[in-house]
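Participant: The sequence shown maps to residues 941 to 1236 in my numbering.
Positions of the beta carbon are idealized from the N, C-alpha and C atoms, including for glycine.
Nothing here was measured: the structure is a model prediction, and the numbers come from that model.
So that we are looking at the same thing, I have put the structure below in structure tokens.
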Amino acid sequence: MPDFQTWANAQQRRFEDVLRRLLPQPDMAPQRLHAAMRYAVLDGGKRVRPLLAFAAGELVNADIARVNIAAAAVELIHAYSLVHDDMPCMDNDVLRRGKPTCHVEYDEATALLVGDSLQCLAFQLMAEHRLNDDPACQLAMIKLLATASGSRGMAGGQAIDLASVGKQLTVPELEFMHIHKTGALIRAAVLLGAHCGNALDQAQLDRLDHFGKCVGLAFQVVDDVLDSEADTATLGKTAGKDAEHDKPTYVTLLGVQAARKMAAELHREALDALSGFGEGARRLRELADFIVLRKF
Ligand code: GRG
941 MPDFQTWANA QQRRFEDVLR RLLPQPDMAP QRLHAAMRYA VLDGGKRVRP LLAFAAGELV
1001 NADIARVNIA AAAVELIHAY SLVHDDMPCM DNDVLRRGKP TCHVEYDEAT ALLVGDSLQC
1061 LAFQLMAEHR LNDDPACQLA MIKLLATASG SRGMAGGQAI DLASVGKQLT VPELEFMHIH
1121 KTGALIRAAV LLGAHCGNAL DQAQLDRLDH FGKCVGLAFQ VVDDVLDSEA DTATLGKTAG
1181 KDAEHDKPTY VTLLGVQAAR KMAAELHREA LDALSGFGEG ARRLRELADF IVLRKF
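Below is the structure:
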């Protein structure tokens, strides 16, 4: 069996072709919007959420063609959120994935429409491709992604984030924000991958969901540490933005050492949640390691 890095690189390359195929082609009208959508999605990003979906899919022997669609839907939602987050009305950033942000490369109105269109495409794909033999399960998957993305999930977390600038949050309040803003989509990626294959019982699904919750939060804690310690070139996005924007983070609330300790505890809890799954969960375990130990 290939080591984690070899597996991840192969999945990332394969998935890039999937996205190229699923996105509207650049010669299709309206060409500029389609070119901008492709600019925002292709050639960049760690693809952590798709990798989680592929790893969960491996656990349940899922048909890879089905997981491709679920993973693409999640990544399109993620890409839309980055495009909107970077706009002047939100984080106002100029660098994303090592290149100019979408509104800088194109313009603000185009960036707004790119986000809108990527979000619609995500749900279009989930509605037009078979993801599970049971139509009721497929409908539940669409609902799961919608809930994770909307006001009770990522968008809601972003609203709390915007409202918290300059405020002193408690650790539970910060956790609530990040479980929604960052965690909800990561959690959805794991469950959607798992729903593409052999059915798990409710207790197994709950354990996978707990894994997703832990790695989702750990991802954010590590993101805060990296924002305070890594440089812009390594991250491919502007470093030090949280302090500059006076945003509460795990680092400002707890300090770097305690934030690292929290990430390590979440890592342990994530691995514990997988303990009953055996060798089939190997890639999920490796992804938990990657999320906590990553340097970018
Ligand atoms: C605009 C509705 C709306 C939501 C925005 C995801 C998000 C919410 C904002 C992004 C800003 C940010 C720094 C979020 C915290 C961590 C995070 C999600 C980082 C970006 O994800 P990565 O590291 O990015 O997976 P890549 O580029 O690797 O895909």
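By Cβ distance below 8 Å, which residues in the same chain neighbour Ser1091 in space, the five residues on each side in sequence not counted?
Facilitator: As a position in the sequence shown, residue 1091 is number 151, starting the count at 1. Once the five neighbours on either side are set aside, the close Cβ partners of Ser1091 are Ala1099.
Participant: Going by DSSP, what residues sit across from Leu1035 in a beta bridge?
Facilitator: Against the sequence shown, residue 1035 aligns to sequence position 95. Answer is Pro1040, bridged to Leu1035.
Participant: In angstroms, rounded to a whole number, what distance separates the CA positions of Leu1140 and Ala950?
Facilitator: Residue numbering aside, residue 1140 sits at position 200 when the sequence shown is read from its first letter. Residue numbering aside, residue 950 sits at position 10 when the sequence shown is read from its first letter. Going by the C-alpha atoms only, they are around 27 Å apart.
Participant: Does the Cβ of His1118 have 16 or more other Cβ atoms within 10 Å, making it buried, or fewer, making it exposed?
Facilitator: Within the sequence shown, numbered from 1, the residue matching residue 1118 stands at position 178. Classification of His1118: buried, given that the 10 Å Cβ count is 16 or more.
Participant: Considering only C-alpha positions, which residue in the set Tyr1046, Leu1145, Gly1133 is nearest to Asn1072?
Facilitator: By one-based count along the sequence shown, residue 1072 stands at place 132. Of Tyr1046, Leu1145, Gly1133, the residue nearest in Cα terms is Gly1133.
Participant: State yes or no: is the C-beta of Ala1204 within less than 9 Å of the C-beta of Ala1228?
Facilitator: Walking along the sequence shown from the start, residue 1204 turns up at place 264. Walking along the sequence shown from the start, residue 1228 turns up at place 288. No, they are not a contact pair.
Participant: Do you know how far the Cα of Leu1145 is from the Cα of Leu1157?
Facilitator: On the sequence shown, position 217 is the one that residue 1157 refers to. On the sequence shown, position 205 is the one that residue 1145 refers to. About 18 Å.
Participant: For Asp1212 and Asp1025, what's the separation of their Cα atoms in angstroms?
Facilitator: Here residue 1212 refers to the residue found at position 272 of the sequence shown. Here residue 1025 refers to the residue found at position 85 of the sequence shown. When rounded, the distance between both Cα atoms is 33 Å.
Participant: Between Thr1241 and ligand 1, is the CB less than 8 Å from at least one heavy atom?
Facilitator: As displayed, the chain neither begins before 941 nor continues past 1236, which places residue 1241 out of reach and without an answer.
Participant: Rounded to whole angstroms, what's the CA-CA distance from Leu1022 to Gly984? Just pull it up for me.
Facilitator: To locate residue 1022, count along the sequence shown from 1; it is residue 82. To locate residue 984, count along the sequence shown from 1; it is residue 44. C-alpha separation (whole angstroms): 12 Å.
Participant: For Asn1008, report the span of its alpha helix (DSSP H) as first-last.
Facilitator: Walking along the sequence shown from the start, residue 1008 turns up at place 68. 1004-1025 is the extent of the alpha helix (DSSP H) around Asn1008.
Participant: Taking Arg954 as the reference, which of Ala969, Arg972, Leu991 has the closest Cα?
Facilitator: As a first step, residue 954 must be located in the sequence shown, where it is residue number 14. Ranking the options by Cα distance to Arg954, first place goes to Leu991.
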